[in-house]
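2 protein chains.
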Amino acid sequence: MRSREVRLERRPNGAPVAEDFSFAEVQLPPPGPGEVQVRNLWMTMDPAMRGRMSEARSYVPPFELGKAMEGPAVGEIVASGDPAFAPGDLVWSRLGWREGFIAPVTKVEKRERDLPPQAYLGFAGMTGLTAWVGLLHAAALKPGDVVFVSAASGGVGSVVCQIAKLMGHKVIGAAGGPRKQAFLTDVLKLDGAIDYKAEPSLTKALARAAPDGIDVYFDNVGGEHLQAALAIANKGARFALCGMISQYNSTEPSAAPRNLTQAVTKELRLQGFIALNHLDKMDAFLADVRSWHAAGQLEQVETVYEGLDRSLDAFNGLFNGEGLGKMLVKLG
Amino acid sequence: MRSREVRLERRPNGAPVAEDFSFAEVQLPPPGPGEVQVRNLWMTMDPAMRGRMSEARSYVPPFELGKAMEGPAVGEIVASGDPAFAPGDLVWSRLGWREGFIAPVTKVEKRERDLPPQAYLGFAGMTGLTAWVGLLHAAALKPGDVVFVSAASGGVGSVVCQIAKLMGHKVIGAAGGPRKQAFLTDVLKLDGAIDYKAEPSLTKALARAAPDGIDVYFDNVGGEHLQAALAIANKGARFALCGMISQYNSTEPSAAPRNLTQAVTKELRLQGFIALNHLDKMDAFLADVRSWHAAGQLEQVETVYEGLDRSLDAFNGLFNGEGLGKMLVKLG
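So the protein lines, in turn, are chains W and Y.
Going by full-length UniProt numbering, 318 is the number at position 318 of the first sequence; the sequence numbering is gapless.
Going by full-length UniProt numbering, 138 is the number at position 138 of the second sequence; the sequence numbering is gapless.
Here's what the structure looks like:
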């Protein structure tokens, strides 16, 4: 079996360009004992990959130059050197950015077929866990809370919005452009939807959408969104800080928010979190999302790019506002 | 009885100047039923007063123009129209910025004579409660934590440092100038003392003083100090946000910190708090500070200005780096 893969050749300065990457084809040998050969069906993009393309140390090490990048993928076992895996088994791995791979069985995890395969890259994967942990643990959502979500039409944001809505909360989402705004209103049925690109003042727009203030802010963005949330927050509001996508491609650190003193006067709690550190909660999380999906209350929001050649488009779709929901590449 | 008082005549722009205030003398009538006449012995200054001199709404209303300002004071009953208060009783009130007053008994609270009167304006008053609540509740101090304190030689900071030290923690303090730095090292016996005015990079200075990182940051300052703490924080560190004095006199909001994404990657918790909202913990707090003071582990750090005429100097001493510890005005 042959597999094409995407390698990082140069660390991007600002937004990644095609020249930062190369495509290569490798021959996969048959699996030895304790190994499996996998054909990837789907891979997904997440903003944290931008961090790993840089040299700066983060909570995960940087990608190595000259090697295939990594990221969440689901695939099918093609050949197995381990009795616990059989051809056709669905497996999750971190070996995305390639059409297939051979790896020790410790690098793959079996997944059930009761959900669509790509759900494990979205609402039933780290994306969903991020939404669930952020909302229920970092922000400690409680009855009656008004919830504000930035990047609300994105992979994590769209799950946050659905969970908060199905739990009965008033939810206000922000996203860029009229198409995403309409999606938040018409499809996710949010109580308020802000097109931040159309608003001269995000703070004023949020004040109009949330006349009684906000109690929880799920921050995917940082910067001006965080500043608006600080301004409109009610006393004792809790912020789940999930990632500050507005800054991932910046070569200059952002100056905002300029009103962090609001955190003192309103006794706010800002809680940063990384879903990877909450894998102990995986079973409770999966039980919740399986039941919500079965009840028709939680659906995957996704933008699908066909084939490995589109993977850079999918990655850039995270930042250029092109895609809705999870950016997925269909490989199989 | 006659009393001189300090009135706010104009809302300051930036640092307050003498022309923003006036001095006036009033005649106090004898107390009617349910009233007491009080001679103030001590009054104190705190940075939050700067906020009340401005028009902006905060957690307390602004001072009114043309009227005496308010602030914590301790005084002695001179004459009483209520059987629960007798001449000579020590009382705490919010009726500072004046030599004496007449008020309903609901405006004063009796204090015991077992501590020096001005302790109730410092380690046994709101200042101490701020330190105690911030460290033990907002930051949830736990054994082994390395603690960083900004404005460490100030009213709140000097109590935070002493509590953290007597509980066995490694404590690093930052303050401005060699005199304060020496005070932190020689008098408070801290494990590290940073003169931030002498450091081209506060982050590098903190990294040197805390080679194993910091687990708790007690923020009295905001701005560059908060930025350094974010940079040097260990995973899961907790920040108590108490007040951002670097910004109180600013006409422009500060841009720092520029590295709030550290809160995400290191799963930090930033907890704003206002001691006034924790009065339910007053008894537990007073029991702690009484026993620590009796054991010689907690002392008042104070700078004393003599007479009401020096009250503006005392207030500016909060900001110009002149004073150590609590800024007190001795009136009685």
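Where is the CB? At the ideal position from N, CA and C, for every residue including glycine.
task: Tell me, please, whether the CB atom of residue 385 (chain Y) is closer than 9 Å to any CB atom in chain W?
output: There is no way to answer for residue 385 (chain Y), as the model of chain Y reaches only from 1 to 332.
field: Where lysine 189 (chain Y) sits in the DSSP three-state scheme
entry: Looking at lysine 189 (chain Y) - three-state DSSP - the assignment turns out to be coil, as it is neither helix nor strand.
- prompt: Among Y:Ala229, Y:Ala210 and Y:Pro211, which one has its Cα closest to the Cα of aspartate 219 (chain Y)?
  reply: Closest option to aspartate 219 (chain Y), Cα to Cα, is Y:Ala229.
query: Sorted by chain position, which residues of the same chain lie with C-beta nearer than 7 Å to alanine 86 (chain W)'s C-beta, five sequence neighbours on each side aside?
result: Contacts found: Ile77 and Ser80.
- prompt: Within 10 angstroms of its Cβ, does arginine 113 (chain W) collect 16 or more other Cβ (buried), or is it exposed?
  reply: The residue is exposed, with fewer than 16 neighbouring Cβ atoms inside 10 Å.
task: Kindly indicate if chain C contains any beta-carbon less than 9 Å away from that of glutamate 302 (chain Y).
output: The structure shown contains no chain C; the protein chains it does contain are W and Y.
field: Whether tryptophan 92 (chain W) touches proline 72 (chain W) by CB criterion (9 Å)
entry: Yes. Within cutoff.
- request: Identify whether glycine 325 (chain W) lies in helix, strand or coil by the three-state DSSP scheme.
  value: Residue state, collapsed to three classes: strand.
field: chain Y contact for cysteine 242 (chain W) (CB, 9 Å cutoff)
entry: A Cβ of chain Y is located within less than 9 Å of the beta carbon of cysteine 242 (chain W).
- request: Note down, in chain order, every chain W residue with its Cβ under 9 Å from the Cβ of valine 149 (chain Y).
  value: Those do not exist, as valine 149 (chain Y) stays about 16 Å from chain W at its closest Cβ, beyond 9 Å.
task: Just the C-alpha distance for valine 301 (chain W) and glycine 177 (chain W), rounded to the nearest angstrom, thanks.
output: Straight-line Cα distance between these residues: approximately 17 Å.
message: I want to verify the contact list: residues of chain Y whose CB lies under 7 Å from the CB of asparagine 277 (chain W), in sequence order.
response: Here the neighbours are Glu267.
query: So, does the CB of leucine 202 (chain W) fall closer than 9 Å to a CB anywhere in chain Y?
result: Residue contact with chain Y for leucine 202 (chain W): absent (no Cβ-Cβ distance below 9 Å to any residue of chain Y).
query: Relative to chain W, which residues along the stretch 129-149 of chain Y have a C-beta separation below 8 Å, given in chain order?
result: Residues of the stretch 129-149 of chain Y with a C-beta less than 8 Å from any C-beta of chain W: none at all.
- prompt: Where do the N-terminal and C-terminal ends of the alpha helix (DSSP H) with asparagine 13 (chain Y) fall, by residue?
  reply: Note, asparagine 13 (chain Y): premise wrong, no alpha helix (DSSP H); not H, not E.
task: Taking glutamate 224 (chain Y) as part of the alpha helix (DSSP H), name the residues at either end of that continuous run.
output: It spans 223-232 - the alpha helix (DSSP H) in which glutamate 224 (chain Y) sits, taken as one unbroken run.
query: From the beta carbon of threonine 261 (chain Y), is the nearest beta carbon of chain W less than 9 Å away?
result: Interface residue, yes.
task: Check whether the Cβ of leucine 270 (chain Y) lies closer than 9 Å to any Cβ atom in chain W.
output: Closer than 9 Å: yes.
- request: Have a look at glutamine 227 (chain W) and lysine 204 (chain W) and give me their C-alpha separation to the nearest angstrom.
  value: One C-alpha to the other measures close to 11 Å.
Cβ neighbours of aspartate 20 (chain Y) in the same chain (closer than 8 Å, five flanking residues each side left out): Non-local beta-carbon contacts of aspartate 20 (chain Y) in its own chain, meaning distances under 8 Å to residues more than five positions away in sequence, involve Leu8, Glu9, Arg10, Arg11, Pro12 and Met53 in chain order.
- request: Given a cut-off of 9 Å, decide if valine 289 (chain W) and glutamate 306 (chain W) are closer than it, judged by their beta-carbon atoms.
  value: Remark: C-beta atoms of glutamate 306 (chain W) and valine 289 (chain W) do not approach each other more closely than 9 Å.
- prompt: Taking one C-beta from the stretch 93-108 of chain W and one from the stretch 36-43 of chain W each time, how about it: are there three or more such pairs within less than 8 Å?
  reply: Between the stretch 93-108 of chain W and the stretch 36-43 of chain W, the count of C-beta pairs closer than 8 Å reaches three or more; the two stretches touch.
Identity of the residues DSSP links to lysine 170 (chain W) by a beta bridge: Beta-bridge pairing links lysine 170 (chain W) to W:Val146.
- prompt: Would you say valine 264 (chain Y) reaches chain W, if we count a Cβ-Cβ gap shorter than 9 Å as a contact?
  reply: Chain W, which has a Cβ nearer than 9 Å to the Cβ of valine 264 (chain Y), makes this yes.
task: Can you give me the start and stop residues for the alpha helix (DSSP H) that asparagine 40 (chain Y) sits inside?
output: Per DSSP, asparagine 40 (chain Y) lies in no alpha helix (DSSP H) segment; the continuous beta strand (DSSP E) that holds it begins and ends at 35-45.
- request: Run down chain W in chain order and give the residues with a C-beta less than 7 Å from the C-beta of residue 337 (chain Y).
  value: The structure shown does not extend to residue 337 (chain Y), since chain Y is modelled only from 1 to 332, so the question has no answer here.
message: Strictly by DSSP, which residues pair up with lysine 266 (chain W)?
response: None; lysine 266 (chain W) has no bridge partner.
message: Using the three-state DSSP reduction, which class does lysine 330 (chain Y) fall into: helix, strand or coil?
response: Assignment of lysine 330 (chain Y) by DSSP, reduced to helix, strand and coil, places it in the strand class.
message: Between proline 83 (chain Y) and chain W, is the shortest Cβ-Cβ distance under 9 Å, so that the two count as touching?
response: Chain W, which has no Cβ nearer than 9 Å to the Cβ of proline 83 (chain Y), makes this no.
- prompt: Are the C-beta atoms of asparagine 249 (chain Y) and some chain W residue less than 9 Å apart?
  reply: In this predicted model, asparagine 249 (chain Y) has a pLDDT of only 49, less than 50, meaning its place in the structure is not dependable enough to derive any value.
- prompt: Taking C-alpha atoms, which residue in Y:Ala294, Y:Asp46 and Y:Phe63 lies nearest to glycine 122 (chain Y)?
  reply: Scanning Y:Ala294, Y:Asp46 and Y:Phe63 for the CA closest to the CA of glycine 122 (chain Y) turns up Y:Asp46.
- prompt: Going along the chain, which residues of the stretch 209-238 of chain Y sit with their C-beta nearer than 7 Å to a C-beta in chain W?
  reply: Going along the stretch 209-238 of chain Y in chain order, one finds Gly222 with a Cβ nearer than 7 Å to chain W.
query: Can you list, in chain order, the residues of its chain whose CB lies under 7 Å from that of alanine 263 (chain Y), leaving out five sequence neighbours each side?
result: Answer for alanine 263 (chain Y): Leu230 and Leu270, listed in chain order.
- prompt: With burial defined as no fewer than 16 other Cβ atoms inside 10 Å of the residue's Cβ, what is the status of aspartate 186 (chain Y): buried or exposed?
  reply: Result: exposed.
task: Mind the definition here: the stretch 20-29 of chain Y touches the stretch 152-161 of chain W only if three or more C-beta pairs lie below 8 Å; say whether that holds.
output: Because the criterion of three Cβ pairs below 8 Å is not met, the stretch 20-29 of chain Y and the stretch 152-161 of chain W do not touch.
field: For glycine 88 (chain W) and threonine 251 (chain W), the rounded distance between their alpha carbons
entry: Confidence is the limiting factor: at threonine 251 (chain W) the pLDDT is only 49, short of 50, which leaves the residue's position unreliable and the question unanswerable from this model.
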